[in-house]
Amino acid sequence: MHRVDGRIAVLACLVPAPRAHGTRIVTIEGMTRNNEIHPLQTGFVDEGAVQCGYCTPGFIMAGASLLDEIPQPSSEQIKAGLSGNLCRCTGYYKIIRAVEGAIAGKEAR
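The numbering of the sequence shown is numbering that gives the first Met the number 0, which starts it at 0 and goes up by one.
What follows is the structure, given as C-alpha cells:
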C-alpha cells in the first residue's frame with residue numbers, strides 16, 4: 000500500500016505503472032520525518048501490534064491516511080478505515096489500540 004500525490008492510500012499491486020508515472024508516491028519508508036518514525040509506527044511497536052510484519056505496512060499506511068482525513072476518528076471509523084487489510088497474527092485489537100494511541104500521542108503534543 001502507498002499514497003499517491005498525498006491524497007489516497009492505494010494498493011500498490013493494483014496501480015498500473017502509467018498511472019503512477021509522474022506522481023508523488025509515499026511508501027512506509029517515506030513516513031519518517033527528521034529521523035523520527037511516524038507516531039502510528041510508534042503506536043504499533045508500543046502496543047505489540049507488529050507480529051510477523053507482513054500486514055504492518057498496509058495497516059500503517061491505511062491508518063495514516065485515515066488520520067489525515069479524520070484526525071479524531073471514532074472506534075467504528077478506525078475499524079472501517081482499516082477494514083481492507085487482513086492480519087492473521089494479532090486479532091486486530093492491538094492494531095486498533097495502536098491507532099488510538101497515535102491519536103492520544105497527537106493530542107498530548
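Cβ coordinates follow ideal geometry from the N, Cα and C atoms, glycine included.
N-terminal and C-terminal residue of the alpha helix (DSSP H) that residue i is part of
| i | result |
| --- | --- |
| Gln76 | 74 to 81 |
| Ala61 | 55 to 68 |
| Gly90 | Segment: none, Gly90 is in no alpha helix (DSSP H) and carries neither H nor E. |
| Val14 | Premise fails: Val14 is in no alpha helix (DSSP H) and is neither H nor E. |
Cutoff 8 Å; reference residue i; Cβ partners in own chain excluding five residues on either side
| i | result |
| --- | --- |
| Gly104 | Pro38, Thr41, Gly42 |
| Ile36 | Met30 |
Selected residue, minimal CA-CA separation from residue i, among the options
| i | options | result |
| --- | --- | --- |
| Pro70 | Ala101, Gly90, Thr89 | Ala101 |
| Glu99 | Ala19, Ser82, Cys88, Leu66 | Leu66 |
| Cys86 | Arg18, Asp45, Phe58 | Phe58 |
| Gly52 | Tyr92, Leu13, Cys88 | Cys88 |
Supposed contact pair residue j and residue i - C-beta distance, whole angstroms, cut 8 Å
| i | j | result |
| --- | --- | --- |
| Ala61 | Gly90 | About 17 Å; that fails the 8 Å criterion. |
| Ala8 | Ser64 | 4 Å |
CB contact flag (residue i, residue j, <9 Å)
| i | j | result |
| --- | --- | --- |
| Asn84 | Cys54 | yes |
| Pro56 | Thr26 | yes |
| Ile94 | Glu28 | no |
| Ala48 | Ala16 | no |
Cutoff 7 Å; reference residue i; Cβ partners in own chain excluding five residues on either side
| i | result |
| --- | --- |
| Arg108 | For Arg108, the predicted model reports a pLDDT of 49, less than 50, meaning its position is unreliable and no value from the coordinates is stated. |
Same chain, Cβ closer than 6 Å to residue i, neighbours up to 5 away in sequence not counted
| i | result |
| --- | --- |
| Ile77 | Ile95, Val98 |
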